[in-house]
DNA sequence: AAGCTTTTTGGGAACGTTTCCAATAGAAAT
DNA sequence: ATTTCTATTGGAAACGTTCCCAAAAAGCTT
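Residue numbers (the working numbering), protein chains in the order written: chain D, -18 to 321; chain Z, -18 to 321.
1) Taking a Cβ distance cut-off of 8 Å, strictly less, list which residues of the stretch 33 to 45 of chain Z are near chain D, in chain order.
2) Enumerate, from N- to C-terminal direction, the unbroken alpha helix (DSSP H) stretches of 4 or more residues contained entirely within the stretch 47 to 88 of chain Z.
3) Report the residue from D:97, D:132, D:150 whose alpha carbon sits nearest the alpha carbon of residue 125 of chain D.
4) Note the first and the last residue of the continuous beta strand (DSSP E) segment covering residue 128 of chain D.
5) Closer than 7 Å by beta-carbon distance: list the chain Z residues that pair up with residue 100 of chain D, in chain order.
6) Which residues, in chain order, does the stretch -17 to -2 of chain Z contribute to contact with chain D at a C-beta distance below 9 Å?
7) At a CB-CB cut-off below 8 Å, which residues of chain D make contact with residue 148 of chain Z?
8) On the CB-based measure, 16 or more other CB atoms within 10 Å of its CB, does residue 42 of chain D come out buried or exposed?
9) Could you tell me which residues DSSP puts in a beta bridge with residue 170 of chain D?
10) So, with DSSP's three-state summary, where would you put residue 282 of chain Z?
11) In terms of DSSP beta bridges, what is residue 255 of chain Z paired with?
12) Whole alpha helix (DSSP H) runs in the stretch -8 to 28 of chain D with 4 or more residues, listed along the chain?
13) Can you tell me which of D:269, D:75, D:221, D:52 puts its alpha carbon nearest to the alpha carbon of residue 84 of chain D?
14) CB-CB under 8 Å to residue 157 of chain D, same chain, minus the five flanking residues each way: which ones, in chain order?
15) Quick one, which of Z:-11, Z:33, Z:129, Z:79 has its alpha-carbon nearest residue 282 of chain Z's?
16) Distance check for residue 199 of chain Z and residue 188 of chain Z, CA to CA, integer angstroms please.
17) Under 9 Å, CB to CB, which of the residues in the stretch 97 to 126 of chain D have a partner in chain Z?
18) With a threshold of 8 Å, are at least 3 pairs of Cβ atoms found where one atom belongs to the stretch 146 to 161 of chain Z and the other to the stretch 114 to 123 of chain Z?
19) Is the Cβ of residue 323 of chain Z closer than 9 Å to any Cβ of chain D?
20) At a cut of 8 Å, does the stretch 88 to 108 of chain D reach the stretch 36 to 50 of chain D through at least three beta carbon pairs?
21) Going straight from the alpha carbon of residue 308 of chain D to that of residue 127 of chain Z, what length do you get?
22) Answer yes or no: does any C-beta atom of chain D fall closer than 9 Å to that of residue 60 of chain Z?
23) Decide if residue 334 of chain Z is buried, meaning its Cβ has at least 16 other Cβ atoms within 10 Å, or exposed.
24) Beta-carbon within less than 6 Å of residue 159 of chain Z's beta-carbon, same chain only, minus the 5 sequence neighbours each way: which residues are those?
25) Let me make sure I understand the geometry here. Which of D:315, D:294, D:284, D:0 has the alpha-carbon closest to that of residue 271 of chain D?
26) Can you say whether residue 110 of chain D is buried or exposed, counting buried as having 16 or more other CB atoms within 10 angstroms of its CB?
27) Determine the contact status of residue 268 of chain D and residue 253 of chain D, defining contact as a CB-CB distance below 9 Å.
28) Any idea if residue 196 of chain D is buried or exposed, counting beta-carbon neighbours within 10 angstroms, 16 or more meaning buried?
29) So, for residue 57 of chain D: in the same chain, excluding its five sequence neighbours on each side, which residues have a beta-carbon less than 7 Å away from its beta-carbon?
30) Using a Cβ-Cβ cut-off of 8 Å (strictly less than) and excluding sequence neighbours within five positions of residue -1 of chain D, which residues of its own chain qualify?
31) Relative to the alpha-carbon of residue 249 of chain Z, which residue among Z:232, Z:105, Z:226 has its alpha-carbon at the smallest distance?
32) Residue 28 of chain D: which of D:165, D:4, D:-11 sits nearest, CA to CA?
33) Excluding five sequence neighbours on each side, which residues of the same chain lie with their C-beta closer than 6 Å to the C-beta of residue 6 of chain Z?
34) Given residue 276 of chain D, which residues of its chain have a CB within under 8 Å of its CB, disregarding the five upstream and five downstream residues?
35) Among Z:298, Z:166, Z:101, whose alpha-carbon lies nearest the alpha-carbon of residue 32 of chain D?
36) Going along chain Z in order, which residues have a C-beta closer than 7 Å to the C-beta of residue 269 of chain D?
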């Protein structure tokens, strides 16, 4: 029933040569005679030989695998990123092992441990929203395993990072709202410890400052990414004595949830209140009104992250940690189009 | 700089005991003395021991890894499925290795080979749209590696399958259109060889037949999933002398693309033409008008697929191939709401 | 024909585990 | 005191590779 896979030994016995010779023939070593090489290749095919990657990994101390840890797989941004990573990895002969932290720090810790046990050649990670300490990553660094953060990065550790210019994107978004005549611009931010929350918030603040618009603390709210949470915050904003005339949300998901509440309350977007999101999720183009947003090149982020970590894996000597910052693009749609 | 990971041998030397003892202590074997066990555990922690999963795999002939091959990672359906798989796998102590075929048969073949090389304990696959033969999967079956198809299944091989009742979903969708008064119902199908295309098409046909509506061949078009392709087909349908008053699309993506063309031509949905999709992608709820669709429990599909393959892995003796068919749910939204 | 280099091959260790089998020690039983 | 038993430990093989080193074979040179 269950047939044992063919090994080098099987081929060697079949041909009456040594295991070493078979190994050399299959790995394309130059010292092996052309005829024997041909015979080995033929026998390998006949016996359906498939190299045992596990044994190769043990022997070579390289797994040709890169680990990926993301908060979730389901949101479009992360799945697009992973798509970019996987395609680049495959191109270079690497495979990917994927874990979701489900936004839980504890799960992230055990994911990291698992990746270490698995002896991945490198680790790409986007932090969970709960992550505030980085001790769980020290073993990775101590062992010299290449580590690259993407999107939700860690600014304390001396590693490479791939991200977009969150500050600039948020700045452009906010400035755009100002230019369309909004003056009471609220910001629904994300979990405070996340780099993206901090940077986008700062971009928002700096845009206000540039245009001499005073910051009103009550217009800045931190949300977890949960739907109920966003709804509550939106109601809070709309219930203010002097409610906002625009909301800049930390991402499209939050923006969309807020829009639902606004529409439910019978208010018009953008006439009563303008909306801007972040990321350019597919939904943003289709929702009514279509959502102005800051586009992040998700696939590119993955592609570049993978490329970068592979370089670090294959040329560890000339590696210096760097922060790769990609450009965002403001996509103006109907949720912010109003006569200024 | 790069520190070598601690091995059992390191712990053994550190304590002056044998490797066997260390191994037994860490694996919780009963024969080991309580004091030595404790000492070993302490030393392991002190030296940051992390079991070498590669060595364990080689020795045990089990990788505790399940492979996943999907056409793409980026579409919501597949990422949701994978999320379900990964969470279930993690719960049972397994990890996942993921490949995208990018809808290419050649890539799928090499993905399968890679999975074999990696000695995955089981393989979950959703076929590429180009896949028409299954020779590349025979080695998997011959070696007795559990293989489970999901969503885009193979009906020729004697393996387990997890899918939704595509026929029933399509039937309900078509019947719904008929009930709202549509009589010239077109169907934009998918690649012909895909099981989902065949089954949804048949559901559509059977609903027409049940209601004595003659089938018009010119109203049934097969599309690749490419956007341009869908646009061309939609124009073709609308240009017919007797154009359709409804379109049932093989999935939401196709439906949304068709809607764009319809709106572009200045026609009203659902008044001029009603639309129904399949899958219940997030976009379908937000597009204007909101899209009536047949909901597939994507996460559940993944969860159940993983659960099933794990049972097959761990209890191969009492395994019998089965087809697990999940229910769909028709979600009526505005794209098909018209006074009948 | 003997010595030399070059080409090709084989043997065996090693990677880090697990596990079978044997060995030791002490305790219990006679 | 001798035997028998149990509890605990160590040694070594094995999983399938790769690669170092030595050995054999073949081709050159003198």
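Idealized CB from N, CA, C, for every residue including glycine.
According to the structure data:
1) 33, 34, 35, 36, 38, 39, 44
2) 57 to 72
3) Residue mapping note: residue 125 of chain D aligns to position 144 of the first chain, counting from 1. Closest option to residue 125 of chain D, Cα to Cα, is D:97.
4) The residue given as residue 128 of chain D occupies position 147 in the first chain. Residues 128 to 131.
5) Looking up residue 100 of chain D in the first chain gives position 119. Result: 33, 34, 35.
6) -17, -16, -15, -14
7) Counting from one through the second chain, the residue named residue 148 of chain Z turns up at place 167. Those within 8 Å of residue 148 of chain Z in chain D number zero; the least Cβ separation is about 27 Å.
8) The residue you call residue 42 of chain D lines up with position 61 of the first chain. Classification of residue 42 of chain D: exposed, given that the 10 Å Cβ count is below 16.
9) Taking the first chain and counting its residues from 1, the one referred to as residue 170 of chain D is at position 189. In the DSSP output, where bridge partners are listed per residue, residue 170 of chain D has D:203.
10) Mapped onto the second chain, residue 282 of chain Z falls at position 301. Helix at residue 282 of chain Z.
11) Counting from 1 along the second chain, the entry for residue 255 of chain Z is found at position 274. Answer is Z:227, bridged to residue 255 of chain Z.
12) 0 to 7, 15 to 27
13) Mapped onto the first chain, residue 84 of chain D falls at position 103. Considering only alpha carbons, the answer is D:52.
14) Against the first chain, residue 157 of chain D aligns to sequence position 176. Closer than 8 Å at the Cβ level, and outside the excluded window around residue 157 of chain D, lie 257, 273, 311, 313, 317.
15) As a first step, residue 282 of chain Z must be located in the second chain, where it is residue number 301. For the residues Z:-11, Z:33, Z:129, Z:79, the minimum Cα distance to residue 282 of chain Z belongs to Z:129.
16) Taking the first residue of the second chain as position 1, residue 188 of chain Z is located at position 207. Taking the first residue of the second chain as position 1, residue 199 of chain Z is located at position 218. Looking at the two C-alpha atoms, the distance is approximately 17 Å.
17) 97, 98, 99, 100, 120, 123, 124, 125, 126
18) no
19) Past the edges of chain Z, shown from -18 to 321, lies residue 323 of chain Z, and the structure says nothing about it.
20) yes
21) By 1-based counting over the first chain, the position of residue 308 of chain D is 327. By 1-based counting over the second chain, the position of residue 127 of chain Z is 146. When rounded, the distance between both Cα atoms is 45 Å.
22) Walking along the second chain from the start, residue 60 of chain Z turns up at place 79. Closer than 9 Å to some Cβ of chain D, the Cβ of residue 60 of chain Z qualifies, so yes.
23) Given that chain Z is displayed from residue -18 to residue 321, the structure contains no residue 334 of chain Z and the question cannot be resolved.
24) Counted from its first residue, the second chain places residue 159 of chain Z at position 178. Excluding sequence neighbours, residue 159 of chain Z sits near 192.
25) Residue mapping note: residue 271 of chain D aligns to position 290 of the first chain, counting from 1. Here the closest residue by C-alpha is D:315.
26) One-based indexing of the first chain puts residue 110 of chain D at position 129. Answer is buried; the Cβ neighbour count reaches 16.
27) Counted from its first residue, the first chain places residue 268 of chain D at position 287. Counted from its first residue, the first chain places residue 253 of chain D at position 272. Not in contact: residue 268 of chain D and residue 253 of chain D (Cβ atoms no closer than 9 Å).
28) Walking along the first chain from the start, residue 196 of chain D turns up at place 215. By the neighbour-count rule (16 or more Cβ atoms within 10 Å), residue 196 of chain D is not buried but exposed.
29) Counting from 1 along the first chain, the entry for residue 57 of chain D is found at position 76. Around residue 57 of chain D: 262, 263.
30) In the first chain, the residue the question calls residue -1 of chain D occupies position 18. -7.
31) In the second chain, the residue the question calls residue 249 of chain Z occupies position 268. Ranking Z:232, Z:105, Z:226 by Cα distance to residue 249 of chain Z puts Z:226 first.
32) Residue 28 of chain D sits at position 47 when you count from the first residue of the first chain. Out of D:165, D:4, D:-11, D:-11 has the C-alpha closest to the C-alpha of residue 28 of chain D.
33) Mapped onto the second chain, residue 6 of chain Z falls at position 25. Taken in chain order, the residues that qualify are 13, 18, 21.
34) In the first chain, counting from the first residue as 1, residue 276 of chain D sits at position 295. So the qualifying residues of the chain are 260, 261, 309, 310, 311, 312.
35) Counting from 1 along the first chain, the entry for residue 32 of chain D is found at position 51. Nearest option by C-alpha distance: Z:101.
36) On the first chain, position 288 is the one that residue 269 of chain D refers to. Ordered by position in chain Z, the residues that pass the 7 Å Cβ test against residue 269 of chain D are 269.
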